[in-house]
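Engineer: In the numbering used here, the protein residues as written are 446 to 577.
Glycine included, each C-beta is placed from N, C-alpha and C at the ideal position.
Handing you this structure, nothing more for now.
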């Protein structure tokens, strides 16, 4: 039901909390503002975002990734409840940094929150590589 919550306009308080915990992982407990933000979010924003994504509005991310020469770092959590890892791995990236999708073990949807030191180290390496 988590993906359903992502696009539903009205969430009960327990549903908003479950959605925030799935999106933010353990950080939801250590950063109370994350849960507060999930509870306060105008449900029309969730509904609009999901409807637009499902309708294909905006840039075709797959096409951009497959045709752009701009270096692209793709980082995902091994336990992400929202993103299908096989979909990320099936893209024919034109300029994938280090030639791989970086899957962070022990992370969910937000590796930068779940393991900030490790994520930032990876980001630092990426920035150093593309700066040289």
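With three or more beta-carbon pairs closer than 8 Å as the criterion, would you say the region 458-465 touches the region 474-488?
Structural biologist: Because the criterion of three Cβ pairs below 8 Å is met, the region 458-465 and the region 474-488 touch.
Engineer: Let me know the secondary structure DSSP gives residue 517 once reduced to three states.
Structural biologist: Residue 517 falls in the strand class under three-state DSSP.
Engineer: How far does the beta strand (DSSP E) with residue 549 in it reach, from first residue to last?
Structural biologist: That run of the beta strand (DSSP E) goes 547-549.
Engineer: Please determine, among 559, 532, 547, 553, the residue with the shortest C-alpha to C-alpha distance to residue 518.
Structural biologist: The candidate whose alpha carbon is nearest that of residue 518 is 547.
Engineer: Tell me which residues share the same chain as residue 447 and place their Cβ nearer than 8 Å to its Cβ, disregarding the 5 neighbours each side in the sequence.
Structural biologist: 463, 464, 467, 526, 527, listed in sequence order.
Engineer: Considering Cα atoms alone, identify which of 520, 557, 542, 540 is closest to residue 533.
Structural biologist: Checked all of 520, 557, 542, 540; the closest Cα to residue 533 is 520.
Engineer: Since residue 540 and residue 516 are thought to touch, with beta carbons under 8 Å apart, how far apart are those beta carbons, to the nearest angstrom?
Structural biologist: About 5 Å; that satisfies the 8 Å criterion.
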